[in-house]
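Peer 1: Each protein sequence line maps, in turn, to chains A and B.
Last residue of the first sequence: number 574 in this note's numbering, and the count goes up by one each step with no gaps.
Last residue of the second sequence: number 955 in this note's numbering, and the count goes up by one each step with no gaps.
Heads up, the beta-carbon is just placed ideally off N, CA and C, and yes, glycines get one too.
Note that this is a predicted model, so its numbers are computed, not measured.
Below you'll find the structure I mean.
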Amino acid sequence: MRNSRHWLGQTIEAVFALAVFTRCVLPMYGQARPVSGNFVDVTKAVGIRFFQQASPTSKKYLPETMGSGVALFDYDNDGRLDIFFANGAPIADPTPMGTIPEKKGQKYWNRLYHQKPDGTFEDVTEKAGLAGIGYSTGVAVGDYDNDGFEDLYVAGYGRGTLYHNNGDGTFTDVTDAAGVRGSGWMTSAAWVDYDNDGRLDLVVARYMQWDFKDIVCVDSKGTRGYCHPDLFKPESVLLFHNDGGGKFSEASHKAGIDKPGKGLGVATADYDRDGRMDILIANDAIQQYLFHNKGDGTFEEVGLASGIGFDGGGHAFSGMGVDFSDYNNDGWPDIVITDLAHQRYALFTNLKDGTFDYSTSILGLATISLLHSGWGIRFMDYDNDGWKDLLIVQSHVMDTIENSEPNLHYRESPSLLHNERGVKFVDVSAVSGSVFRQQWAARSMAIGDLNNDGRLDAVVTSNDGPVWVLLNQTETANHWITLRLVGVKSNRDAIGAEVRVLTSAGEQFATITTTGSYQSSSDKRAHFGLGGEDSIREIDIRWPSGIRQVLKNQKVDSILTVTEPVNELHKANP
Amino acid sequence: MSQATERTSELSQLQTAANELSAGKLDQAERDLDSVLASSPEDYRALDLLGVVRVLQHRQADAETLFERVVKTKSDFAPGHAHLGLLYLQLGRTQDAVPELIEALQLDRTRTDVASALAHILQDEAKAASASGGWDKALNLLIEARKYAPDNPDVEYEFGVAAQKLSLYDDAIEAFQRTLKVRKDDALAMYYLGFALMDRARYDDALQQFARYIELRPEDPAGHGAMGMALAGLGRSEEARSQFERSIALAPALGESYYRLGLLDLDAGDYDRATQDLHAALEHKPNDAGVLVALGKVEFEQKHYPEAITLLQQVISQDDSAQEAHYYLGLTLARMGRKEESSEQLEISARLEQQRKERGRHLLRLNKSDDLEQKEPAAPQ
């Protein structure tokens, strides 16, 4: 009977030729010297008690596995970051089609935690009026009315909510008056002044046309699981133009940004440095979208031509979390997008000519991410060496994945990747604290300096589970500076401002933004690690208004507030 | 003699004849059977045994007549259908054999000879289907063969290869593992299993299979090449390089390892070395699409756009469904500012990608074989 296999097997050489069909991306770098971080879980110690309610059912409705977001922002301007957590809502088993879930009971409330001077937090949700209404997803922070107090947009399934910060510790739901209720399944949201009129506009990604229809999807072992997004039609992004006076108008069609997608992540940056913010949408299982801002109030989707639409093989991947920031200190924002295991996180290096290079393999990310599924992700310089590292929170989307793929896991550890001077990323998770050995069903992540010690911290949420406050206690003598920009002609948050910091060791760049990661909103302040440099030659700020400001010889290891110099247009500021 | 006594005597004679047949005493068996038939001319058991005698005497035509009489006389007699089916098979009349064999198996599920014969027929049909590129048809036939011969390592192996060809990697893995359960040192099954595991990104597991393969076949260049691929997948680039180089040393004419080295170089950003290795691959595999695309990517990365275009267009002229070639051609044209041409290529690539995804969606995994076994087997075609 052995002969019978020859019709299939043929000769060994022919068998080896089979490899042609299974060509894989091959990573390049071996291990380098790890630069350890130290992130410590202080959640309980600082008084955070939050549990995201996903409301899992036997029907495996998709929202159950997508998590809710987190925001780090200083809502009362006391100089300390506060934390807002979005939460789910009860989902009946089964739920009739057309249902928009509503929160019932305190356990489903969104929560605002105020940071006290001693670094602990108190729950001020009720006083603030932020308990919420529906099944909340993403969070975006921005001072849309330029009154000096951060406002909050909470996206959700079926409706979003805009909370105006009254400046007295309370918020008012102004959704309907503002006209930003939205519709459909909204995920990540972002504040960005796309027309540079000094007012923040609102971008809201939508996942897809999904309803509580009982569709049975099973894995290879016959176990019911969450359905693949391919089964659902795409849905367009919403773009709410800020008309002033607390009013917005939905402008996605007019702006040419209404290309149907399957958006989960949003990030903004000016990738071609033309002074206008562009918008990146991480889409699930289809092409990724890059909306180039044409400067006339419209956008052109250039994902394919710019080279970020697909991976290095031209294949679609499951874009989830995203960041849009300059990892190699060349002044041009790069892109990183998390996806599912076997796909490898996509890192696109900006080539400064409107195109990007798929750099996942050459930067070592292919091997590191092969078996991981990532959600929240951020470039952040955890060791202040002047190079933005990567912090990623992970978990497979299928809670039954181990049944069908024994080498994958639903709960995963986060990953910390050290940036080796823009040449490669090295996984230092194993030497960066016990949190990197814990298995979480993590989803969202926001980054910010919670204790203002010059080291970037993180807050992580999980799906139908707790949250973690991770304090960065990395031992380092490296210097740093954090910039808090206050716009005057520009939007007050200075979102979209570009900052260049020059030391004798070189230059670094950052765009002021609260977007990125997954369904989250991070500290708007720009943080720069300075390595051994104890002085800054120059800080060069290009404000969204076009005003240029240069600061010379600034002190390191401090938080510097810089106000837009409207009376000294285009003049260097001493 | 009473009728009952007569029947007892006939049964005794039939048993004796069967024993003689088993012992190869054809003449004696024939005599006993003639004796039974003299008193009971339509005794189906005697006719059946006599048919077997005729087969062994190479008198197939007589045997066919006898078996046909048996099934006509006693249509629910499984051995009659089985013997007639097997005879047809022996005579090369597969189409006639199949219904008889299926009937026999339906009447008697314990007939492993019949099940095995049916499995063989299906395997042969699968072989013919795959030879003409009909892997989906081959797989369907092998699914049926599995039902007739559930523990047959050859059927499992062939099933695994067909499943792998159709990107049903989990099914392929399971099938090769079942082959190896029976034949622990089956090198080819290990080899294919390794590839199926790599297709599921299980590089660690694949590495184990290739290591065992190399233990069995240390001088096989394919084994070292495969081992190199698994190591590369694990990011162990230098070890991978060593394996590819070992493969080349064993079989310099095997271009695949040069190609693999070229990919390692490309991912490492060593474009000079990549060019060198890929050209070496091309010497041994002229016009290989994968090698040409890789060379195109090397030129693309070096911003040698006209050269990239030439290479990628060469691939597309050979195969206009080469998705990666369209993709990189589109990116190259975009970087050259040739927007319309770029859009055209990128749209083709996106369409091909969509088609690939749709194929994959329908081929994620077959139903479990356990479920299939509960269903009635279908007839071979």
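(1) Can you check whether the C-beta of H315 of chain A is within less than 8 Å of a C-beta belonging to chain B?
(2) In chain order, which beta strand (DSSP E) runs of at least 3 residues are fully inside the stretch 85–140 of chain A?
(3) Cα separation between F85 of chain A and L408 of chain A?
(4) Flag S816 of chain B as yes if its beta-carbon sits less than 8 Å from any beta-carbon of chain A, otherwise no.
(5) Just to confirm the assignment: which complete alpha helix (DSSP H) runs, minimum length 4, are found wholly within the stretch 238–277 of chain A?
(6) In this structure, how does DSSP classify T561 of chain A when only helix, strand and coil are distinguished?
(7) Go ahead and pull the three-state DSSP assignment for N451 of chain A.
(8) G198 of chain A and S517 of chain A - do their beta-carbons sit closer together than 8 Å?
(9) Rounding to the nearest angstrom, what Cα-Cα distance links D311 of chain A and A678 of chain B in this structure?
(10) Taking the DSSP output, what are the residues bridged to W210 of chain A?
(11) Give every residue of the same chain whose Cβ lies closer than 8 Å to the Cβ of A775 of chain B, excluding the five residues on either side of it in the sequence, and list them in chain order.
(12) Closer than 8 Å, CB to CB, is S361 of chain A near chain B or not?
(13) If we ignore side chains and look at the alpha-carbon of each, how far apart do S395 of chain A and H372 of chain A end up?
(14) My assumption, with CB atoms under 8 Å, is that F436 of chain A sits in contact with W480 of chain A. Please give the rounded CB distance.
(15) Hey, does K931 of chain B have any beta-carbon neighbour from chain A nearer than 8 Å?
(16) For the pair the stretch 553–563 of chain A and the stretch 97–110 of chain A, tell me if three or more CB-CB distances fall below 8 Å.
(17) For Q897 of chain B, go through chain A and note every residue whose CB falls closer than 7 Å to its CB, in chain order.
(18) Which bits of chain B does Q287 of chain A rub up against, with CB to CB less than 9 Å?
(19) Relative to the C-alpha of S444 of chain A, which residue among A:M277, A:M320, A:V237 is closest?
(20) Tell me the DSSP secondary structure of R411 of chain A in three-state form.
(21) Would you call the stretch 639–647 of chain B and the stretch 613–627 of chain B in contact, with 3 or more CB pairs under 8 Å?
(22) Taking beta-carbon pairs under 8 Å, can you tell me which members of the stretch 901–917 of chain B lie near chain A?
(23) Would you say E420 of chain A lies against chain B (beta-carbon separation less than 8 Å)?
(24) Quick check on H292 of chain A: does DSSP put it in helix, strand or coil?
(25) Mind listing, in chain order, the continuous alpha helix (DSSP H) runs of no fewer than 4 residues lying wholly within the stretch 322–374 of chain A?
(26) Can you tell me the Cα-Cα spacing of E564 of chain A and D193 of chain A, whole angstroms?
(27) How many angstroms separate the CA atom of E538 of chain A from the CA atom of V488 of chain A?
(28) Should the stretch 114–122 of chain A be regarded as contacting the stretch 87–99 of chain A, the criterion being three or more beta carbon pairs within less than 8 Å?
(29) Could you check where the alpha helix (DSSP H) with S831 of chain B kicks off and where it finishes?
(30) Are the Cβ atoms of R411 of chain A and W440 of chain A separated by less than 8 Å?
(31) Going by CA-CA distance only, name the one from B:S690, B:A761, B:P727, B:A746 that's closest to V735 of chain B.
(32) Residues of chain B with CB closer than 8 Å to the CB of L371 of chain A, please, in chain order.
(33) Tell me the rounded alpha-carbon separation between N283 of chain A and G309 of chain A.
(34) So, does the stretch 827–845 of chain B touch the stretch 794–809 of chain B, judging by three or more C-beta pairs under 8 Å?
(35) Tell me whether the stretch 274–292 of chain A and the stretch 215–225 of chain A touch, counting them as touching only if at least three CB pairs, one residue from each stretch, are closer than 8 Å.
(36) Is there a Cβ of chain A sitting closer than 8 Å to that of L566 of chain B, yes or no?
Peer 2: With the given structure in hand:
(1) Taking the first sequence and counting its residues from 1, one reaches residue 315 of chain A at position 315. So yes, H315 of chain A belongs to the interface.
(2) 111–115, 121–123
(3) Residue numbering aside, residue 85 of chain A sits at position 85 when the first sequence is read from its first letter. Residue numbering aside, residue 408 of chain A sits at position 408 when the first sequence is read from its first letter. Approximately 28 Å, taken between the alpha carbons.
(4) Taking the first residue of the second sequence as 1, we reach residue 816 of chain B at position 242. No, S816 of chain B does not count as interfacial toward chain A.
(5) none
(6) Here residue 561 of chain A corresponds to residue number 561 of the first sequence, with the count starting at 1. Three-state DSSP puts T561 of chain A in a strand.
(7) Position 451 of the first sequence holds residue 451 of chain A. Reduced to three states, the DSSP call for N451 of chain A is coil.
(8) Position 517 of the first sequence, counting from 1, holds the residue named residue 517 of chain A. Position 198 of the first sequence, counting from 1, holds the residue named residue 198 of chain A. Note that the C-beta distance between S517 of chain A and G198 of chain A is not below 8 Å.
(9) Stepping through the first sequence from its first residue, residue 311 of chain A is reached at position 311. Stepping through the second sequence from its first residue, residue 678 of chain B is reached at position 104. Cα-Cα distance, rounded: 55 Å.
(10) Mapped onto the first sequence, residue 210 of chain A falls at position 210. For W210 of chain A, which the question treats as bridged, DSSP gives no partner whatsoever.
(11) As a first step, residue 775 of chain B is located in the second sequence; it is residue number 201 there, counting from the start. Here the set comprises G807.
(12) As a first step, residue 361 of chain A is located in the first sequence; it is residue number 361 there, counting from the start. With 8 Å as the cut-off, S361 of chain A counts as an interface residue toward chain B.
(13) Position 395 of the first sequence holds residue 395 of chain A. Position 372 of the first sequence holds residue 372 of chain A. Whole-angstrom Cα-Cα distance: 7 Å.
(14) In the first sequence, residue 436 of chain A corresponds to position 436, counting from 1. In the first sequence, residue 480 of chain A corresponds to position 480, counting from 1. Going by Cβ atoms, the distance from F436 of chain A to W480 of chain A rounds to 22 Å, so no, they are not a contact pair.
(15) Indexing the second sequence from 1 puts residue 931 of chain B at position 357. Yes, contact with chain A.
(16) no
(17) Translated into the one-based positions of the second sequence, residue 897 of chain B becomes position 323. Chain A residues near Q897 of chain B: G314.
(18) Your numbering for residue 287 of chain A matches position 287 in the first sequence. A924, E927, listed in chain order.
(19) Start at 1 with the first residue of the first sequence, and residue 444 of chain A comes out as number 444. It is A:M320.
(20) Counting from one through the first sequence, the residue named residue 411 of chain A turns up at place 411. Three-state DSSP puts R411 of chain A in a strand.
(21) yes
(22) Y901, Y902, G904, L905, A908, R909, K913, S916, S917
(23) By 1-based counting over the first sequence, the position of residue 420 of chain A is 420. No, E420 of chain A does not count as interfacial toward chain B.
(24) Locating residue 292 of chain A in the first sequence gives position 292, where the first residue counts as 1. Correct three-state label for H292 of chain A: strand.
(25) 365–369
(26) Taking the first residue of the first sequence as position 1, residue 564 of chain A is located at position 564. Taking the first residue of the first sequence as position 1, residue 193 of chain A is located at position 193. Distance between the alpha carbons of E564 of chain A and D193 of chain A: 16 Å.
(27) Position 538 of the first sequence, counting from 1, holds the residue named residue 538 of chain A. Position 488 of the first sequence, counting from 1, holds the residue named residue 488 of chain A. One C-alpha to the other measures close to 22 Å.
(28) no
(29) Counting from one through the second sequence, the residue named residue 831 of chain B turns up at place 257. Taken as a continuous stretch (DSSP letters only), the alpha helix (DSSP H) holding S831 of chain B covers 829–842.
(30) Translated into the one-based positions of the first sequence, residue 411 of chain A becomes position 411. Translated into the one-based positions of the first sequence, residue 440 of chain A becomes position 440. For the pair R411 of chain A and W440 of chain A, the CB atoms are nearer than the 8 Å cut-off.
(31) Counting from 1 along the second sequence, the entry for residue 735 of chain B is found at position 161. For the residues B:S690, B:A761, B:P727, B:A746, the minimum Cα distance to V735 of chain B belongs to B:A746.
(32) As a first step, residue 371 of chain A is located in the first sequence; it is residue number 371 there, counting from the start. Simply A775.
(33) On the first sequence, residue 283 of chain A is found 283 positions in, with the first residue counted as 1. On the first sequence, residue 309 of chain A is found 309 positions in, with the first residue counted as 1. Their backbone Cα atoms lie some 9 Å apart in a straight line.
(34) yes
(35) The stretch 274–292 of chain A vs the stretch 215–225 of chain A: no contact.
(36) One cannot answer for residue 566 of chain B here, as it falls past the ends of chain B, which runs 575 to 955.
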